[in-house]
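Reviewing the structure listed below.
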Amino acid sequence: DAGITQSPRHKVTETGTPVTLRCHQTENHRYMYWYRQDPGHGLRLIHYSYGVKDTDKGEVSDGYSVSRSKTEDFLLTLESATSSQTSVYFCAISTSGGQETQYFGPGTRLLVL
Amino acid sequence: GIQVEQSPPDLILQEGANSTLRCNFSDSVNNLQWFHQNPWGQLINLFYIPSGTKQNGRLSATTVATERYSLLYISSSQTTDSGVYFCAVSNDYKLSFGAGTTVTVRA
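These protein sequence lines are chains A and B, in that order.
Going by the working numbering, the first sequence opens with residue 366, and the numbers climb by one from there.
Going by the working numbering, the second sequence opens with residue 667, and the numbers climb by one from there.
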């Protein structure tokens, strides 16, 4: 599982509240990713990071921000959660530059009421 | 981004049957991966296969990059093969996923 953990694993929150999801890895991989998974859409990239303090937007970045202050942690923040952000969120790492295998964390199930 | 189409969307198999899943993509890629999501939601990487053929036990995959498709073969299916199979492709850091093929293997 490439030493990837996500916290929390489940969260229920209300519309308008801020939410931060954490991804932690133990193997010092440079590249980290946040995806969301919704029925009928597969997984869609939200943001990714190619190093400490180096991040970029993915396909569905509106309403999300990220931070990476140290190699092992990649945080995803919903500044003001909306019901459309109810989803399952997966963190992933890749062993090098996106050109090799991606390994996924266990996921966080988020419900925004 | 690159468009990824997977077929069929759903597949029901009797235990012991063989099957083929297909992934078509709209642009040239230098990264293609197959994943299995089990019924508990865990995503497992099956193959990194931007071209050529690979085998791992009862699973094998072939990618014909020049024709923009990949095939995943499941032989002698088992109930533990149930779940959703995703194809994902990229020509940069960012993987684009298909919608998946849901496989149900019945005992």
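Ideal Cβ placement from N, Cα and C applies to all residues, glycine included.
Give me, in chain order, the residues of the same chain whose beta-carbon lies closer than 6 Å to that of residue i; leave out the 5 immediate sequence neighbours on both sides.
{"i": "Ser432(A)", "result": "Leu440"}
{"i": "Arg687(B)", "result": "It is Leu, not Arg, that sits at residue 687(B) in the sequence shown. Here the set comprises Leu738, Tyr751, Thr767."}
{"i": "Asp438(A)", "result": "His389"}
{"i": "Ser414(A)", "result": "Met397, Thr420, Arg433, Phe439"}
{"i": "Asp693(B)", "result": "Ile668"}
{"i": "Ala754(B)", "result": "Gln699, Leu761, Phe763"}
{"i": "Ala731(B)", "result": "Ser717"}
{"i": "Asp676(B)", "result": "Thr768"}
{"i": "Gly405(A)", "result": "none"}
Spatial neighbours of residue i within its chain, please: CB distance less than 8 Å, with the 5 preceding and 5 following residues excluded, ordered by chain position.
{"i": "Thr745(B)", "result": "Glu681, Val771, Arg772, Ala773"}
{"i": "Ser448(A)", "result": "Thr380, Val477, Leu478"}
{"i": "Pro383(A)", "result": "Thr442, Leu443, Glu444, Ser445, Ala446"}
Please tell me whether residue i and residue j are closer than 8 Å, where the distance is taken between their beta carbons.
{"i": "His412(A)", "j": "Gly428(A)", "result": "no"}
{"i": "Thr442(A)", "j": "Ser426(A)", "result": "no"}
{"i": "Ser717(B)", "j": "Ala727(B)", "result": "no"}
{"i": "Arg395(A)", "j": "Gln371(A)", "result": "no"}
{"i": "Phe691(B)", "j": "Arg734(B)", "result": "yes"}
{"i": "Thr385(A)", "j": "Ala446(A)", "result": "no"}
{"i": "Thr391(A)", "j": "Gly368(A)", "result": "yes"}
{"i": "Ser743(B)", "j": "Leu679(B)", "result": "yes"}
Throw me the rounded Cβ distance for the residue i and residue j pair, which I believe falls under 8 Å.
{"i": "His702(B)", "j": "Ile715(B)", "result": "Contact flag wrong, Cβ pair sits at about 14 Å."}
{"i": "Leu475(A)", "j": "Ser461(A)", "result": "Between Ser461(A) and Leu475(A) the Cβ distance is about 30 Å, and since that is not below 8 Å, they are no contact."}
{"i": "Gln672(B)", "j": "Cys689(B)", "result": "5 Å"}
Can you list the residues of chain D that residue i reaches, using a CB-CB cut of under 7 Å?
{"i": "Tyr735(B)", "result": "Considering every chain present, this structure includes no chain D. Its protein chains are A and B."}
Report yes if the C-beta of residue i is less than 7 Å from at least one heavy atom of the ligand PLP; otherwise report no.
{"i": "Ser434(A)", "result": "Within the structure as shown, the ligand PLP is missing, as the structure has no ligands at all."}
To the nearest angstrom, how far is the alpha carbon of residue i from that of residue j?
{"i": "Ser741(B)", "j": "Cys456(A)", "result": "31 Å"}
{"i": "Lys418(A)", "j": "Lys435(A)", "result": "8 Å"}
{"i": "Lys376(A)", "j": "Thr473(A)", "result": "8 Å"}
{"i": "Arg409(A)", "j": "Asn696(B)", "result": "19 Å"}
{"i": "Phe469(A)", "j": "Gly749(B)", "result": "16 Å"}
{"i": "Gln467(A)", "j": "Tyr759(B)", "result": "11 Å"}
{"i": "Asp747(B)", "j": "Ala683(B)", "result": "11 Å"}
{"i": "Pro373(A)", "j": "Arg401(A)", "result": "15 Å"}
{"i": "Gln721(B)", "j": "Asp403(A)", "result": "30 Å"}
{"i": "Ser685(B)", "j": "Leu712(B)", "result": "16 Å"}
From the DSSP output, which residues share a beta bridge with residue i?
{"i": "Lys418(A)", "result": "None, per the DSSP bridge assignment."}
{"i": "Tyr759(B)", "result": "None; Tyr759(B) has no bridge partner."}
{"i": "Gln371(A)", "result": "Cys388(A)"}
{"i": "Asn722(B)", "result": "Leu725(B)"}
{"i": "Val670(B)", "result": "Phe691(B)"}
{"i": "Asp403(A)", "result": "Gly407(A)"}
{"i": "Ala754(B)", "result": "Gln699(B), Phe763(B)"}
I'd like the list of long-range same chain contacts for residue i, defined as Cβ closer than 7 Å, with 5 residues on each side in sequence excluded.
{"i": "Gly416(A)", "result": "Arg395"}
{"i": "Pro674(B)", "result": "Thr767"}
{"i": "Glu465(A)", "result": "Ser459"}
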